[in-house]
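Notes for the one structure printed next.
In our numbering, the protein residues as written are 7 to 349.
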C-alpha cells in the first residue's frame, strides 16, 4: 500500500477537537477546557464541532452527526489536524457513513487512541493515510495542571517534523492514578508518579517493518471486515483499556482470549515483532500472567516481544505514526520509529 502522509503541524495551525465516540466531553467539559488552554499555549488554535460536547445515550450525538463532523473536519482546508476528545465504545457506528475518498484527497493529521483504534484501522486500510495513535484532548492535553512533558515531546516529534522520531526512550516515571473527574478531584492536585523500570524483553531478537496496532479489544471489532489490515512482516503494537469501572484495569481473563483471537486469525504468524504497552491498573499477579501469555506467543511464533512501552491508558504516552517503518532490537534495548509520518 502506498502511504499518504499529511502535512506537518506548524505554529498557528488550527486543530479540530471532535468526539467520534463517547459523550464524556459533555459530562466533564473542564477537561476539554484544559486541553484548549494547553494547545493554545503550544501555539495552536482550536475549533470544536456540534457534537464535540453533546450527548446521545453513551455517545456524543447520533452516528450520522458524529460522522458528519468528522467529514467536515477533513474537508475544511483551514483545519490542519483532527484531535479526538476521548475514546469510548461506539466509533464503529461511524464506519458506514465515512467518505474515504474525501479523506484520501484531503489528508490531515488524525490523532487519538483507545476506541479510536477502529477509525485508525478503517482510515489506514481504505486510504493509506498515516494516522497517529497518540494523546486525546481530555486525557492527555487536559491533564492538570498541564500535559506531561514526555507526552508533548513525542507528540511534537511525530506531527511537527518530517524527520523520523527515531529511538524512543522509555519515560523516567509514569502514572495510572485515577482522580475522579466527576468530583473534580483531578483539578485539586497532580497525579502521583512512580518510577519506570524501562523496557522488558519477554522474548529477545530484532525485527523491522511497518508499525500497526492499537487497543486490543477495539481492533478486534474489525476482524473479518474490509477494514482488517495485512500484518505481513509488521511490528504489531497493542495496549489494554480500562474496564467498565474507570479506576480498574481490563480483566486479564478477557485479555487472554482476545490475544488468542489474534493467534487463531493468523496475525501472530505474520508479524515480525510485538510491542506491548504498560497495562492500566494491573496487579502484580495480573502482570505476571499477562507476561506469561505474551512470552508464550513470542516463543511459539519466533518474534521479539517488548513489554512496558509508554503507550495507551497510562501516562505519559508516545505518539505512533501508523504504517511507517519501525524496528525493535533487544540487544541494543531499542524501539525505534524509522520513518517520518508527516511531510
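For glycine and all other residues, C-beta sits at the position ideal for the given N, C-alpha and C.
All values derive from a computational prediction rather than experimental measurement.
- Per DSSP, reduced to three states, the secondary structure at residue 78 is helical.
- Here residue 191 is exposed: its Cβ has fewer than 16 other Cβ atoms, across all protein chains shown, within 10 Å.
- Between residue 321 and residue 146, the CB-CB gap stays under 8 Å.
- Inter-segment contact for the region 134–148 and the region 308–327 is present: three or more beta-carbon pairs are separated by less than 8 Å.
- Excluding five sequence positions before and after residue 299, the CB atoms of its chain that fall closer than 7 Å to its own CB belong to 262, 265, given in chain order.
- By the Cβ neighbour-count rule, residue 337 is exposed, with fewer than 16 other Cβ atoms within 10 Å of its own.
- Per DSSP, reduced to three states, the secondary structure at residue 214 is strand.
- Note: residue 220 is bridge-paired with 244 in the DSSP secondary-structure output.
- Taking the Cα positions, residue 35 is about 21 Å away from residue 158.
- Residue environment analysis places residue 121 among the buried positions, since at least 16 neighbouring C-beta atoms fall within 10 angstroms of its C-beta.
- The alpha carbon of residue 175 has as its nearest neighbour, out of 92, 28, 205, 216, the alpha carbon of 205.
- Under the three-state reduction of DSSP output, residue 293 falls in the helix class.
- DSSP, read as helix, strand or coil, puts residue 122 in helix.
- The three-state reading of DSSP puts residue 136 in coil, since its state is none of H, G, I, E or B.
- Taken through DSSP and simplified to helix, strand or coil, residue 335 comes out as strand.
- When beta bridges are read from the DSSP output, residue 200 appears opposite 180.
- Collapsing the DSSP output to three states places residue 254 in coil.
- A distance below 7 Å between beta-carbons, with the five flanking residues on each side excluded, links residue 249 to the following residues of its chain, in chain order: 255, 256, 257.
- For residue 143 against residue 41, the beta-carbon gap comes to about 4 Å, under 8 Å, which counts as contact.
- When only Cα atoms are considered, residue 59 and residue 76 end up about 14 Å apart.
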